[in-house]
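Structure first, then comments.
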Amino acid sequence: MNFRKADKDPKDRELRQALYDCFGFYPKDLELYKKALTHRSAVSRDVDSNERLEFLGDAILGAVVGEAVYLRYPSGDEGYLTQMRSRIVSRDSLNRIAEHTELRQWMDVKGNESHFRNIGGNMLEAFAGAIFLDIGFKKCKKVLLDYLLSQVDWQELECTETDYKSRIVERFQKKGKQISFRVHTLPQETWKPATFQAEVMADGTVLGTGRGYSKKDAEQEASRKAWMREFNRGTDPQ
45 MNFRKADKDP KDRELRQALY DCFGFYPKDL ELYKKALTHR SAVSRDVDSN
95 ERLEFLGDAI LGAVVGEAVY LRYPSGDEGY LTQMRSRIVS RDSLNRIAEH
145 TELRQWMDVK GNESHFRNIG GNMLEAFAGA IFLDIGFKKC KKVLLDYLLS
195 QVDWQELECT ETDYKSRIVE RFQKKGKQIS FRVHTLPQET WKPATFQAEV
245 MADGTVLGTG RGYSKKDAEQ EASRKAWMRE FNRGTDPQ
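Positions in the sequence shown are counted from 1; adding 44 to them yields the numbering used here.
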């Protein structure tokens, strides 16, 4: 391979090779992938971190995995397809997949990493955004399918629940009740990430409370506790 001028830096060459080893292609714009590997704790401005790429990658992953699930389960209804897609692209799932890639060691993070949840999963979302911008949707789709779905155990996934928010909303809709979420930011300690607390409510009653380092995670934890509460009351969880 003929390296570009920027690849005269040995670290750039190593990163380009690491990306090839993981995704099966050599990137065109290495700077996109460097940004995908930059946690917000490592920069003074959020715009210089991987958060914008993470936003884009979330949408790309949703579309790619959504089509794969649609084709795999031709008889599945909308609710089931949504659940299966959510299980694949959930933070827990992406975090587990990220643990098996050497790219995790390239993340630029400042401070104690234990204070930041979902670094690996967020990194993969940012990579999805970077790959899309770098080589276009058609090639990006193939790369993501080859990479993600080769690590998915479909049978295990079919028996795993991760999207408690969707489940609890669906459960109460069948009862003719509406679920609402109330989220607020907890007081933040110096050098620690913001923590959110969510409450899931129905008819003015708090069903579950949860915390997380993102609003989404806090809502999922609150929903999980609400779901467990319903289950322990003897409610059919199916």
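Think of the CB as a built atom: it goes at the ideal place given N, C-alpha and C, for glycine as much as any other residue.
Nonlocal neighbours in the same chain, by C-beta distance under 7 Å from residue i, ignoring five residues either side
i, result
"residue 168", "138, 141 and 142"
"residue 95", "84"
"residue 135", "162, 165 and 261"
"residue 229", "238 and 240"
"residue 124", "117"
"residue 151", "81, 83, 163 and 167"
Given residue i as reference, the closest of the options once Cα atoms are compared
i, options, result
"residue 72", "56, 86, 190 and 212", "56"
"residue 149", "82, 175 and 254", "82"
"residue 131", "105, 86 and 68", "105"
"residue 239", "249, 246, 118 and 262", "262"
"residue 187", "54, 60, 61 and 66", "66"
"residue 75", "175, 200 and 272", "175"
"residue 144", "195, 249, 58 and 241", "195"
"residue 219", "231, 229, 247 and 230", "247"
"residue 189", "64, 270, 113 and 100", "113"
"residue 270", "259, 224, 202 and 178", "224"
"residue 133", "68, 111 and 231", "111"
"residue 177", "100, 217, 129 and 68", "100"
"residue 202", "129, 231, 54 and 232", "129"
Supposed close pair residue i, residue j - CB separation, criterion 8 Å
i, j, result
"residue 173", "residue 98", "7 Å"
"residue 154", "residue 86", "5 Å"
"residue 274", "residue 215", "7 Å"
"residue 70", "residue 59", "The pair is not a contact, with the Cβ atoms about 11 Å apart (cut-off 8 Å)."
"residue 62", "residue 146", "6 Å"
Exposure label - residue i; buried when at least 16 CB within 10 Å
i, result
"residue 254", "buried"
"residue 198", "exposed"
"residue 116", "exposed"
"residue 192", "buried"
"residue 249", "exposed"
"residue 52", "exposed"
"residue 252", "buried"
"residue 47", "For residue 47, the pLDDT reaches just 46, beneath the cut-off of 50, and the residue's location in the model is therefore unreliable, although a value from the coordinates is still provided. Flag for residue 47 reads exposed."
"residue 272", "exposed"
"residue 303", "Residue 303 cannot be examined here, being either before or after the span of the chain that is shown, 45 to 282."
"residue 200", "exposed"
"residue 264", "buried"
Residue i Cβ short of 6 Å to the ligand COA heavy atom set
i, result
"residue 210", "This structure lacks the ligand COA; in fact it carries no ligand of any kind."
Cβ neighbours of residue i in the same chain (closer than 6 Å, five flanking residues each side left out)
i, result
"residue 267", "208, 209, 212 and 244"
"residue 226", "243"
"residue 102", "169"
"residue 119", "none"
"residue 171", "80"
"residue 64", "70"
"residue 221", "246"
"residue 232", "238"
Close beta carbons around residue i, own chain, < 8 Å, minus the five adjacent residues each side
i, result
"residue 259", "227, 240 and 242"
May I ask you to verify whether the stretch 180 to 193 touches the stretch 76 to 95, counting CB pairs closer than 8 Å and requiring at least 3? Result no; under three Cβ-Cβ pairs closer than 8 Å.
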